[in-house]
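To keep things clear, I will list the structure first and then write my remarks on it.
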Amino acid sequence: KQEVTQIPAALSVPEGENLVLNCSFTDSAIYNLQWFRQDPGKGLTSLLLIQSSQREQTSGRLNASLDKSSGRSTLYIAASQPGDSATYLCAVRPSGTYKYIFGTGTRLKVLA
Amino acid sequence: NAGVTQTPKFQVLKTGQSMTLQCAQDMNHEYMSWYRQDPGMGLRLIHYSVGAGITDQGEVPNGYNVSRSTTEDFPLRLLSAAPSQTSVYFCASSYLTSGPGSSYNEQFFGPGTRLTVL
Chain A
215 KQEVTQIPAA LSVPEGENLV LNCSFTDSAI YNLQWFRQDP GKGLTSLLLI QSSQREQTSG
275 RLNASLDKSS GRSTLYIAAS QPGDSATYLC AVRPSGTYKY IFGTGTRLKV LA
Chain B
2 NAGVTQTPKF QVLKTGQSMT LQCAQDMNHE YMSWYRQDPG MGLRLIHYSV GAGITDQGEV
62 PNGYNVSRST TEDFPLRLLS AAPSQTSVYF CASSYLTSGP GSSYNEQFFG PGTRLTVL
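Which chain is which? The protein sequence lines are A and B, in order. Numbering-wise, the first sequence is residues 215 to 326 according to the working numbering. Numbering-wise, the second sequence is residues 2 to 119 according to the working numbering.
Below, the structure written as structure tokens:
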């Protein structure tokens, strides 16, 4: 059974720092992996989606990488800002299914 | 495009009552799904649909029914509400297969419905 883990559960960093958020999954047979941002009391906003054949995707200050063989994805945020404070979630779609599986998220606080 | 819309935003029910949470999307997505989000447990898939007339169970389907008569709408029905169903419910949609652009089948989420069952 596919399981998705995000460590740490919470993270505080000073403004301007480059940081890495981690997402681990137990089965490498995935169709894609998606990173989301969730602000308190709000829905999820899609940040990046990586197909199983890709190694990384970039959008602005965000870069997501995927290493299927090790069951890991990382979300790199460059030059963090207080506006980046939110919970970041990753979700995996296993191959051959339509059932997305979410991690429990990393709550990020960027201090001004 | 309105994207994914959900109604109501908030709802309070008494144990045993029934209700329907509405979800609609205007992006012509084949795939629609319902999740519940509980503290410490992340998002868990309740039911999903890969097209009109086709639905299937997710991880936590008990106590919920769905149907998909049109591409646009995917309502979630609580048959007899229980306090354990107190949660925030999210609807999401996406294209099913890969297409033009690397993010073609990314999921889009609605704003959520906060449900309390007393």
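We put the beta carbon where it would ideally sit given N, CA and C, even for glycine.
Between B:L14 and B:V118, is the Cβ-Cβ spacing less than 8 Å? To locate residue 14 of chain B, count along the second sequence from 1; it is residue 13. To locate residue 118 of chain B, count along the second sequence from 1; it is residue 117. The answer is yes: Cβ separation under 8 Å.
Under a three-way DSSP split, which group does B:G52 fall into? As a first step, residue 52 of chain B is located in the second sequence; it is residue number 51 there, counting from the start. Of the three classes helix, strand and coil, the one that applies to B:G52 here is strand, per DSSP.
Helix, strand or coil for B:G43? Go by DSSP, reduced to three states. Here residue 43 of chain B refers to the residue found at position 42 of the second sequence. It is a strand residue.
Would you call the CB atoms of B:V1 and B:Q26 closer than 8 Å? In the structure as shown, chain B begins at 2 and stops at 119. Residue 1 of chain B is therefore absent and cannot be evaluated.
A:R269 burial status per 10 Å Cβ neighbour count (16 or more: buried): As a position in the first sequence, residue 269 of chain A is number 55, starting the count at 1. The residue in question, A:R269, is exposed, as its Cβ has fewer than 16 Cβ neighbours within 10 Å.
Evaluate A:F250 with the Cβ neighbour count: other Cβ atoms within 10 Å of its Cβ, from every protein chain shown; 16 or more gives buried, anything less gives exposed. Reading the first sequence from its first residue, position 36 is the one you call residue 250 of chain A. So A:F250 ends up on the buried side.
Grouping DSSP H, G and I as helix and E and B as strand, with all else coil, what is A:P296? Taking the first sequence and counting its residues from 1, the one referred to as residue 296 of chain A is at position 82. Looking at A:P296 - three-state DSSP - the assignment turns out to be helix.
To which residues does DSSP link B:S94 through a beta bridge? Residue 94 of chain B sits at position 93 when you count from the first residue of the second sequence. B:S94 is bridged to B:M33, B:F109.
Quickly, what does DSSP pair A:K323 with across the bridge? List them, please. As a first step, residue 323 of chain A is located in the first sequence; it is residue number 109 there, counting from the start. Its beta-bridge partners are A:S226.
Check whether the Cβ atoms of B:V61 and B:R45 sit closer than 8 Å, and answer yes or no. As a first step, residue 61 of chain B must be located in the second sequence, where it is residue number 60. As a first step, residue 45 of chain B must be located in the second sequence, where it is residue number 44. The answer is yes: Cβ separation under 8 Å.
Return the CA-CA distance between A:V324 and A:P254, expressed in angstroms with no decimal places. Sequence index remark: in the first sequence, residue 324 of chain A carries index 110 (1-based). Sequence index remark: in the first sequence, residue 254 of chain A carries index 40 (1-based). Cα to Cα, A:V324 sits roughly 15 Å from A:P254.
Closest residue to A:K282 among A:Q271, A:R275, A:D241 (Cα-Cα distance): As a first step, residue 282 of chain A is located in the first sequence; it is residue number 68 there, counting from the start. Looking at the Cα atoms, A:D241 is the closest of the given residues.
Continuous beta strand (DSSP E) assignments of at least 3 residues falling wholly in the stretch 64 to 91 of chain B: 65 to 67, 77 to 79
By DSSP's criteria, A:V306 is part of a beta bridge. Which residues make up the other side? Within the first sequence, the letter at position 92 stands for residue 306 of chain A. For A:V306, which the question treats as bridged, DSSP gives the partners A:L247, A:I315.
Boundaries (first-last residue) of the beta strand (DSSP E) holding B:V13: Position 12 of the second sequence holds residue 13 of chain B. Taken as a continuous stretch (DSSP letters only), the beta strand (DSSP E) holding B:V13 covers 11 to 14.
Is the CB of A:T318 under 8 Å away from at least one CB in chain B? One-based indexing of the first sequence puts residue 318 of chain A at position 104. Yes, contact with chain B.
Expected contact under 8 Å - CB spacing of B:L22 and B:T114 to nearest Å: Against the second sequence, residue 22 of chain B aligns to sequence position 21. Against the second sequence, residue 114 of chain B aligns to sequence position 113. Indeed, because the Cβ distance is near 5 Å, the residues count as touching under 8 Å.
Cβ-based neighbour list, A:L233, same chain, cut-off 8 Å, excluding 5 preceding and 5 following: Counting from 1 along the first sequence, the entry for residue 233 of chain A is found at position 19. Result list for A:L233: L225, V227, Y290, I291, S294, L322, in chain order.
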